[in-house]
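Each residue of the sequence shown is one higher than the last, beginning at 0 in numbering that gives the first Met the number 0. First up is the structure itself, then whatever we jot down about it.
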Amino acid sequence: MTTPPLAYAKKDFMSDQIIRWCPGCGDYAILSQVQTVFAGLGIARENFAVISGIGCSSRFPYYMNTFGFHTIHGRAPAFASGLKASRPELSVWVISGDGDALSIGGNQLAHTLRRNVDLNILMFNNRIYGLTKGQYSPTSEEGKKTSSTPMGSIDHPFQPLRFVLGAGATLVARSIDTFPAHLRDTLIAANAHRGSSFVEIYQNCNIFNDGAFDSFTEKPARDEKILYLEEGKPLVWGTAERKGLIQQGFALKVVDIGETYAEADCVVHDPTNISLAYALAGLAPENGEPVPVGVLYRGEKTTYDNDFQTQIASAKERLGAGDLQKLMASGDTWVV
Numbered sequence: 000m001t002t003p004p005l006a007y008a009k010k011d012f013m014s015d016q017i018i019r020w021c022p023g024c025g026d027y028a029i030l031s032q033v034q035t036v037f038a039g040l041g042i043a044r045e046n047f048a049v050i051s052g053i054g055c056s057s058r059f060p061y062y063m064n065t066f067g068f069h070t071i072h073g074r075a076p077a078f079a080s081g082l083k084a085s086r087p088e089l090s091v092w093v094i095s096g097d098g099d100a101l102s103i104g105g106n107q108l109a110h111t112l113r114r115n116v117d118l119n120i121l122m123f124n125n126r127i128y129g130l131t132k133g134q135y136s137p138t139s140e141e142g143k144k145t146s147s148t149p150m151g152s153i154d155h156p157f158q159p160l161r162f163v164l165g166a167g168a169t170l171v172a173r174s175i176d177t178f179p180a181h182l183r184d185t186l187i188a189a190n191a192h193r194g195s196s197f198v199e200i201y202q203n204c205n206i207f208n209d210g211a212f213d214s215f216t217e218k219p220a221r222d223e224k225i226l227y228l229e230e231g232k233p234l235v236w237g238t239a240e241r242k243g244l245i246q247q248g249f250a251l252k253v254v255d256i257g258e259t260y261a262e263a264d265c266v267v268h269d270p271t272n273i274s275l276a277y278a279l280a281g282l283a284p285e286n287g288e289p290v291p292v293g294v295l296y297r298g299e300k301t302t303y304d305n306d307f308q309t310q311i312a313s314a315k316e317r318l319g320a321g322d323l324q325k326l327m328a329s330g331d332t333w334v335v
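This is the structure:
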């Protein structure tokens with residue numbers, strides 16, 4: 000007898016908590032898509048866990064009718080790693096922001112990805128510190144004027160996707176809060192991947208950094224500047240003017256599709272090619288290059304949580320299950 004598939008609706012993942020984000024915040028759109036996706040994954044609701052750090056995005060667990068934990072600044076990957084290692088059957092999702100993940104949490108994030116813990120990490124990137132009222136973040140552009148940089152930021156910003164590729168993430172993707180269908184597909188791809196999935200989501204902070212992504216997300220700009228990545232398809236985009244990417248040495252070059260170049264001349268997207276993913280992650284719209292969205296990279300290697308459970312099973316086979324009380328009372332002990 001087979002077990003019938005679990006039937007959930009989006010409302011089953013909506014908690015009874017009042018959502019406390021600013022009206023118009025991009026977090027609402029992301030929350031809606033996550034709830035929708037969770038309902039269709041066929042996973043029992045009690046087998047989800049949503050772990051967050053500190054920031055506007057990190058209120059997420061309160062608004063999900065699942066198990067969850069609102070942890071401390073930058074440490075969500077570490078908490079999630081421990082949970083996944085001890086409860087490998089759970090579907091564990093990490094919610095973070097660009098400040099939480101890439102500043103105080105950069106070390107935690109890097110080592111989680113290096114270990115390839117089977118987690119789905121969603122980083123909401125609004126290029127600002129929203130919760131603490133508008134200071135520049137690790138992804139803010141150079142020259143950004145904020146309350147903490149009144150003369151303009153002199154920092155060089157992170158390129159998040161290049162950072163996580165270098166750290167060893169085995170699925171690297173990007174989506175946008177206002178692209179609901181695309182965001183759903185990206186979240187489904189992250190869930191299907193076995194290993195560390197990292198999804199950067201461009202998210203508008205309409206209070207402290209409104210319109211940060213308008214130059215390529217608003218219609219008709221998106222039609223001319225967004226490159227939708229599809230495996231096996233050439234890297235081309237644009238409607239009024241068709242453009243494409245060709246290989247030039249180790250870099251990608253933008254060309255016009257027409258008399259000189261055809262779509263057949265353009266690079267075909269291969270998400271297993273990490274060098275191509277690294278090149279795509281470095282494209283910048285301010286340089287006349289497109290903004291790639293979708294899965295940039297997908298690789299395979301053993302996961303930390305699987306190897307951890309294998310070691311435990313091996314130790315039990317050799318030494319037995321063990322007795323914690325006996326261990327605590329063994330060897331040199333003192334009575335105080």
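Backbone N, C-alpha and C define an ideal beta-carbon position, used for all residues, glycine too.
What three-state label does DSSP hand Ala261 in the structure shown? As a first step, residue 261 must be located in the sequence shown, where it is residue number 262. Three-state result, Ala261: coil.
Helix, strand or coil: which one does DSSP assign to Lys232? Taking the sequence shown and counting its residues from 1, the one referred to as residue 232 is at position 233. Residue state, collapsed to three classes: coil.
Quick check: the region 101-118 against the region 73-93, are there 3 or more CB pairs under 8 Å? yes
Quick one: which unbroken alpha helix (DSSP H) runs of 4-plus residues sit fully inside the region 179-263? Chain order, please. 179-191, 213-216, 220-224
My parser needs the alpha helix (DSSP H) runs of 4 or more residues fully inside the region 22-49; what are they? 26-39
Should Ala191 go down as buried or exposed, given a rule of 16 or more other Cβ atoms within 10 Å for buried? Position 192 of the sequence shown, counting from 1, holds the residue named residue 191. Exposed, by the Cβ-count rule.
Runs of alpha helix (DSSP H) wholly within the region 146-179 (minimum 4 residues, chain order): 159-166
Helix, strand or coil for Tyr303? Go by DSSP, reduced to three states. In the sequence shown, counting from the first residue as 1, residue 303 sits at position 304. If DSSP states are grouped into helix, strand and coil, Tyr303 belongs with the helices.
Taking its Cβ as the centre, do 16 or more other Cβ atoms sit within 10 Å of Val93, making it buried, or is it exposed? Taking the sequence shown and counting its residues from 1, the one referred to as residue 93 is at position 94. Classification for Val93: buried.
Under 6 Å Cβ to Cβ from Tyr338, same chain only, skipping five residues before and after it: list those, please. Nothing can be reported for residue 338, as the shown portion of the chain is limited to 0 through 335.
Count the other CB atoms, across all protein chains shown, that sit within 10 Å of the CB of Met0; report buried if there are 16 or more and exposed otherwise. Position 1 of the sequence shown, counted from the first residue, corresponds to residue 0. Any reading at Met0 must be qualified, since the residue scores a pLDDT of 43, below 50, and its modelled position is unreliable; the value itself is stated next. Exposed, by the Cβ-count rule.
Check this for me: beta carbons of Thr238 and Asp264, under 7 Å apart or not? Counted from its first residue, the sequence shown places residue 238 at position 239. Counted from its first residue, the sequence shown places residue 264 at position 265. No, these two residues do not count as a Cβ contact at 7 Å.
Cutoff 8 Å; reference Gly342; Cβ partners in own chain excluding five residues on either side: With the chain running from 0 to 335 in the structure shown, residue 342 is simply not present.
Spatial distance of Arg19 from Ser102 (CA atoms): Translated into the one-based positions of the sequence shown, residue 19 becomes position 20. Translated into the one-based positions of the sequence shown, residue 102 becomes position 103. Between Arg19 and Ser102, the C-alpha separation is close to 24 Å.
Please confirm if the region 285-298 is in contact with the region 256-276, defined as three or more CB-CB distances below 8 Å between the two stretches. yes
Can the beta-carbon of Asp304 be found less than 7 Å from the beta-carbon of Asp117? Looking up residue 304 in the sequence shown gives position 305. Looking up residue 117 in the sequence shown gives position 118. In this structure, Asp117 lies closer than 7 Å to Asp304 by Cβ.
Are the CB atoms of Ser139 and Pro159 nearer to each other than 7 Å? Position 140 of the sequence shown, counted from the first residue, corresponds to residue 139. Position 160 of the sequence shown, counted from the first residue, corresponds to residue 159. No, the pair does not count as a contact, with Cβ atoms beyond the cut-off.
Shortest alpha-carbon distance to Gly73 belongs to which of Pro87, Gly52, Tyr62, Tyr61? Along the sequence shown, one-based indexing puts residue 73 at 74. The option with the nearest alpha carbon to Gly73 is Gly52.
Helix, strand or coil at Leu279 [DSSP, three-state]: Taking the first residue of the sequence shown as 1, we reach residue 279 at position 280. Of the three classes helix, strand and coil, the one that applies to Leu279 here is helix, per DSSP.
Return the residue from the list Leu226, Asn208, Gly39 that minimises the CA-CA distance to Leu5. Here residue 5 refers to the residue found at position 6 when the sequence shown is read from its first residue. When only C-alpha atoms are compared, the closest one is Gly39.
When the Cα of Ser136 is compared with those of Ala168, Gly96, Thr111, Asn119, which residue comes out closest? The residue labelled residue 136 in the question sits at position 137 within the sequence shown. The option with the nearest alpha carbon to Ser136 is Gly96.
Give the DSSP-derived three-state secondary structure of Tyr128 in the structure shown. To locate residue 128, count along the sequence shown from 1; it is residue 129. Note: Tyr128 maps to strand in three-state DSSP.
Which residue wins for smallest C-alpha separation from Asp209, given the options Pro149, Cys21, Met13? The residue you call residue 209 lines up with position 210 of the sequence shown. The shortest C-alpha separation from Asp209 is found at Cys21.
Determine whether the beta carbon atoms of Leu30 and Tyr62 lie at a separation below 7 Å. Taking the first residue of the sequence shown as 1, we reach residue 30 at position 31. Taking the first residue of the sequence shown as 1, we reach residue 62 at position 63. Yes; because the gap between Cβ atoms is below 7 Å, this pair is in contact.
Within a Cβ cutoff of 6 Å, which residues of the same chain sit near Phe207, ignoring the five residues on either side of it in sequence? Position 208 of the sequence shown, counted from the first residue, corresponds to residue 207. If we look at Phe207 and ignore the five residues flanking it on each side, its Cβ neighbours are Ile127, Gly129, Gly133.
Would you mind stating whether Asn115 and Ser195 have Cβ atoms separated by less than 7 Å? Within the sequence shown, numbered from 1, the residue matching residue 115 stands at position 116. Within the sequence shown, numbered from 1, the residue matching residue 195 stands at position 196. Against a cut-off of 7 Å, the Cβ pair of Ser195 and Asn115 comes out as a contact.
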